[in-house]
Amino acid sequence: MSTEFGVWVAALMTIGLFSFLYKDNPFFKVCEAVFIGSSTGYWAVVYFFDNLQKKLWEGIFPPDGAVGDAWLWGGAILGILMLCRLSNKIGWIARWPVSFIVGATAGLYMINYFVSSAMMQVASTMQSLVVTNGGGIDWQATIGSVVVAVAVVSGLIYFFFSKEHTGAFGGVAKVGIWFLMITFGASFGYTVMSRMSLLIGRMDYLFGDWLGMIR
Amino acid sequence: MMGHYIALSLLAVLGLGMIFIFYLTVKGRTIERRFVFLYIVFTVSLPLFVKMKPPIQVSPEVQQVVETITSLSPGAKVLISCDFDPPSAPELQPMLVAFTKYALKHDLKLIFMGLWPLGPSQANRGLRLALADTIIAAKNLTYGVDYVNLGFQSGNEFVIQAMGGSFKSMFPQDDRRIPYDSIPLLNGVVNYRQIDLVMNFSAGKPGTIEWIQNAVDRYQVKLSAGNTAVQAPQVYPYLRAGQVRGLMGGMSGAAEFELALNEKGKASSFILSQMFSHLAVMLFVIVGNVAWLMTRKKK
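Chains as they are written, first to last, in my numbering: chain Z, -6 to 208; chain P, 524 to 822.
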């Protein structure tokens, strides 16, 4: 069994949080409050020192006496204007920095998403259905390409709402739903795997690091 | 060994328990949800005591990561972005440790960083484990020469973008507050052009997708990634498009990676637990559906 104080705290906190699965109780509430409080404090400190001190303050007034970056004043002013939201009277001023952030972010993201998540994806979808390998047909890759093509077309048809989903059109849309459901199922499977991994990690901590039962 | 047999016997009891649950459900009796939680806890915990190795097969996407890494020559510089924190460590830390061990054994130069505040701490934990390895310890590797940790930088994807121009602008000093210019490993490292591979261990945003958008497609960076299982399905389209060279998804990806690199670690020892927990979830889904179908029939 571990003799480290930190390990004991972490182990008891883990048990405290798991105790909610039995029913809500004061031990869980204490652990929850400690977790939220310490997380908030941690993030506040990290962001204060990383952004306000290191980037803004030391950017404007470099510690080595060099000339500061005047552009940072713009950011500082916008940041202060954001705080106007706290007042009912001048809260409307906060819309200016918000609109600046929304506009600048949208502009920056637009190209990135268009290139990486749209054009490149479309290009990789528009491949030859028959894949050849060393003169012969690579059947595995060919079947994969056909499945992708069918899934893309039927999926797009499912989201085409200008025509009623009846007849052959409705049939293809139904195939699209099946592909979507399989995708959601696979995604859910991965999520289950991820959550189970977290639980395994905690159990390994309790039985291994804390109780020393697993070597 | 005693624990191994006790755990195996209890797992057998759990199997019988599932049959009993199925019987109760068919009879229309509701199972207390706390019983299900307890069942899952036992299913996950008991295999941790079992000394049995389930068969692991390396998937093509993990093999691609391995091929990318093994193609690097000694002295190649690898930028490792640890974009995760302790909650995701069971999945990502084994990948990081296996990679670090392999890289240091093969004389790759490692530059760690993090876009998540706790990422660099995870890197340090991984490094500590790797440096404790006897083969690596014998090499007497030096901080700043063989590996360096640049620390955390806030700004998410904009950090990745800015690093395309200059690493130093984003990391004027490393995690130990040593100035960028005083670190021998970083001599001549201006931007991505001097980096042979970027390895990204990601649990969300900013993570692999941001690296693809801002480094791969913009600066033609070579990127391989390890993701949490939740995130992996979102990255598969980029893998197919060739924007990322290989992908390790979740704990199974980590176990495959450890096997392929011959660096057995935590993921390999966790995989049996994961196998049993998946089996339990699948059986519960089947039992639930059978119960639902039977109630529908009665109505």
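In this text, a Cβ means the ideal position worked out from N, Cα and C, and glycines have one as well.
*Hey, does arginine 763 of chain P have any beta-carbon neighbour from chain Z nearer than 7 Å?*
For this step, residue 763 of chain P is matched to residue 240 along the second sequence. Chain Z, which has a Cβ nearer than 7 Å to the Cβ of arginine 763 of chain P, makes this yes.
*If you check the beta carbons only, do glycine 788 of chain P and alanine 661 of chain P fall under 7 Å apart?*
What you label residue 788 of chain P is simply residue 265 of the second sequence in a count that begins at 1. What you label residue 661 of chain P is simply residue 138 of the second sequence in a count that begins at 1. Not in contact: glycine 788 of chain P and alanine 661 of chain P (Cβ atoms no closer than 7 Å).
*Run down chain P in chain order and give the residues with a C-beta less than 8 Å from the C-beta of alanine 142 of chain Z.*
Residue numbering aside, residue 142 of chain Z sits at position 149 when the first sequence is read from its first letter. What alanine 142 of chain Z touches in chain P: nothing, since even the nearest Cβ is about 13 Å away.
*Applying a beta-carbon distance threshold of less than 7 Å, which residues of chain P neighbour leucine 192 of chain Z?*
Against the first sequence, residue 192 of chain Z aligns to sequence position 199. What leucine 192 of chain Z touches in chain P: Val567.
*Sequence ranges, alpha helix (DSSP H) only - wholly within the region 0 to 87 of chain Z, length at least 4*: 19 to 40, 64 to 75
*Could one say the Cβ of glycine 773 of chain P lies closer than 7 Å to chain Z's Cβ atoms, at least one of them?*
Counting from one through the second sequence, the residue named residue 773 of chain P turns up at place 250. By this cut-off, glycine 773 of chain P is an interface position.
*Measuring only between beta-carbons, confirm whether leucine 71 of chain Z sits less than 7 Å from chain P.*
Against the first sequence, residue 71 of chain Z aligns to sequence position 78. So, not an interface residue.
_Helix, strand or coil, according to DSSP, for lysine 574 of chain P in the structure here?_
The residue given as residue 574 of chain P occupies position 51 in the second sequence. Three-state result, lysine 574 of chain P: coil.
*So valine 753 of chain P and tryptophan 734 of chain P are in contact, right, with Cβ under 8 Å, and what is the actual spacing, rounded?*
Position 230 of the second sequence, counted from the start, is the residue given in the question as residue 753 of chain P. Position 211 of the second sequence, counted from the start, is the residue given in the question as residue 734 of chain P. With 8 Å as the limit, valine 753 of chain P and tryptophan 734 of chain P do not qualify as a contact, their Cβ atoms being about 17 Å apart.
_Tell me which residues of the region 163 to 186 of chain Z have at least one Cβ-Cβ distance to chain P shorter than 7 Å, keeping chain order._
Ala179, Ser180, Tyr183, Thr184, Val185, Met186
*asked:* Could you check whether valine 588 of chain P and methionine 771 of chain P sit closer than 7 Å to each other, using their CB atoms as the reference points?
replied: Here residue 771 of chain P refers to the residue found at position 248 when the second sequence is read from its first residue. Here residue 588 of chain P refers to the residue found at position 65 when the second sequence is read from its first residue. Taking 7 Å as the Cβ cut-off, methionine 771 of chain P and valine 588 of chain P qualify as a contacting pair.
*Given a threshold of 16 other Cβ atoms within 10 Å of its Cβ, counted over all protein chains shown, does serine 800 of chain P qualify as buried or as exposed?*
Taking the first residue of the second sequence as position 1, residue 800 of chain P is located at position 277. Answer is buried; the Cβ neighbour count reaches 16.
_Please classify threonine 751 of chain P as buried or exposed, where buried requires at least 16 neighbouring CB atoms within 10 angstroms._
By one-based count along the second sequence, residue 751 of chain P stands at place 228. With 16 or more Cβ atoms within 10 Å of its Cβ, threonine 751 of chain P is classed as buried.
*Quick one: Cα of proline 702 of chain P to Cα of glycine 96 of chain Z, how far?*
Numbered from 1 along the second sequence, position 179 holds the residue referred to as residue 702 of chain P. Numbered from 1 along the first sequence, position 103 holds the residue referred to as residue 96 of chain Z. Rounded to the nearest angstrom, the two C-alpha atoms are 35 Å apart.
*For tryptophan 66 of chain Z, count neighbouring Cβ atoms within 10 angstroms of its own Cβ and tell me buried if that reaches 16, exposed if not.*
Position 73 of the first sequence, counted from the first residue, corresponds to residue 66 of chain Z. By the neighbour-count rule (16 or more Cβ atoms within 10 Å), tryptophan 66 of chain Z is not buried but exposed.
*Among the residues of its own chain, which have a CB less than 8 Å from the CB of glycine 598 of chain P, if the five just before and after it don't count?*
Translated into the one-based positions of the second sequence, residue 598 of chain P becomes position 75. For glycine 598 of chain P, where only same-chain residues beyond five positions count, the Cβ hits under 8 Å are Asp630, Leu631, Lys632.
_Short CB-CB distance (under 7 Å) between glutamine 743 of chain P and chain Z_ = Taking the second sequence and counting its residues from 1, the one referred to as residue 743 of chain P is at position 220. Glutamine 743 of chain P does not count as touching chain Z.
*Is leucine 673 of chain P helix, strand or coil by DSSP?*
Against the second sequence, residue 673 of chain P aligns to sequence position 150. Correct three-state label for leucine 673 of chain P: strand.
*Given that a residue counts as buried once 16 or more other Cβ atoms are within 10 Å of its Cβ, and exposed if not, what is arginine 557 of chain P?*
The sequence position of residue 557 of chain P within the second sequence is 34, counting from 1. Exposed, since its Cβ has fewer than 16 Cβ neighbours within 10 Å.
_In the DSSP assignment, the beta strand (DSSP E) including alanine 748 of chain P goes from what residue to what residue?_
Residue mapping note: residue 748 of chain P aligns to position 225 of the second sequence, counting from 1. 746 to 750 is the span of the beta strand (DSSP E), which, as asked, contains alanine 748 of chain P.
*Give every residue of the same chain whose Cβ lies closer than 6 Å to the Cβ of serine 747 of chain P, excluding the five residues on either side of it in the sequence, and list them in chain order.*
Reading the second sequence from its first residue, position 224 is the one you call residue 747 of chain P. Answer for serine 747 of chain P: Val588, Thr591, Met722, Arg768, Gly769, listed in chain order.
*asked:* Buried or exposed for proline 233 of chain Z, going by 16 or more other Cβ atoms inside 10 Å?
replied: Any question about residue 233 of chain Z goes unanswered here, given that chain Z covers just -6 to 208.
*Hey, would you say glycine 667 of chain P sits closer than 7 Å to leucine 627 of chain P, going by beta carbons?*
Within the second sequence, the letter at position 144 stands for residue 667 of chain P. Within the second sequence, the letter at position 104 stands for residue 627 of chain P. Their beta carbons are not under 7 Å apart, which means glycine 667 of chain P does not touch leucine 627 of chain P by this criterion.
*On a CA-only basis, which of Z:Phe200, Z:Leu79, Z:Gly205 is nearest valine 564 of chain P? Give me that one, please.*
Indexing the second sequence from 1 puts residue 564 of chain P at position 41. Taking only the C-alpha atoms, the option nearest valine 564 of chain P is Z:Phe200.
*Run through DSSP, which three-state label would isoleucine 634 of chain P get?*
Taking the first residue of the second sequence as position 1, residue 634 of chain P is located at position 111. DSSP places isoleucine 634 of chain P in strand when its eight states are reduced to three.
_Close-in-space but distant-in-sequence residues of the same chain around lysine 574 of chain P (CB under 7 Å, 5 per side omitted)_ = Within the second sequence, numbered from 1, the residue matching residue 574 of chain P stands at position 51. Contacts found: His527.
*Are the C-beta of isoleucine 29 of chain Z and some C-beta of chain P separated by less than 7 Å?*
Looking up residue 29 of chain Z in the first sequence gives position 36. Isoleucine 29 of chain Z does not count as touching chain P.
*When DSSP builds the beta bridges, which residues end up paired with lysine 600 of chain P?*
Locating residue 600 of chain P in the second sequence gives position 77, counting from the first residue. The partner list for lysine 600 of chain P (beta bridge, DSSP) reads P:Lys632.
*Test: asparagine 126 of chain Z CB closer than 7 Å to a CB of chain P*: In the first sequence, counting from the first residue as 1, residue 126 of chain Z sits at position 133. No, no contact with chain P.
*Distance, Cα to Cα, tyrosine 183 of chain Z vs leucine 638 of chain P?*
By 1-based counting over the first sequence, the position of residue 183 of chain Z is 190. By 1-based counting over the second sequence, the position of residue 638 of chain P is 115. Taking the straight line from one Cα to the other gives about 24 Å.
*chain Z partners of threonine 731 of chain P, CB-CB under 8 Å?*
Sequence index remark: in the second sequence, residue 731 of chain P carries index 208 (1-based). Result: empty, since nearest Cβ-Cβ is about 11 Å, beyond 8 Å.
_Going by C-alpha to C-alpha distance, which of P:Ser692, P:Arg700, P:Ile579, P:Thr593 sits closest to valine 713 of chain P?_
Your numbering for residue 713 of chain P matches position 190 in the second sequence. Of the listed residues, the one whose Cα sits closest to valine 713 of chain P is P:Ser692.
*Return helix, strand or coil for threonine 657 of chain P, following the three-state DSSP convention.*
Taking the second sequence and counting its residues from 1, the one referred to as residue 657 of chain P is at position 134. Here threonine 657 of chain P sits in helix by DSSP.
*Which residues, in order along the region 658 to 672 of chain P, keep a beta-carbon less than 7 Å from a beta-carbon of chain Z?*
none
*Measure the CB-CB distance between isoleucine 53 of chain Z and serine 796 of chain P and report whether it falls below 7 Å.*
As a first step, residue 53 of chain Z is located in the first sequence; it is residue number 60 there, counting from the start. As a first step, residue 796 of chain P is located in the second sequence; it is residue number 273 there, counting from the start. It is not a contact, given that the beta carbons lie outside the stated cut-off.
*the region 586 to 614 of chain P: positions lying closer than 7 Å to chain Z by Cβ*: Pro610, Ala612, Pro613, Glu614
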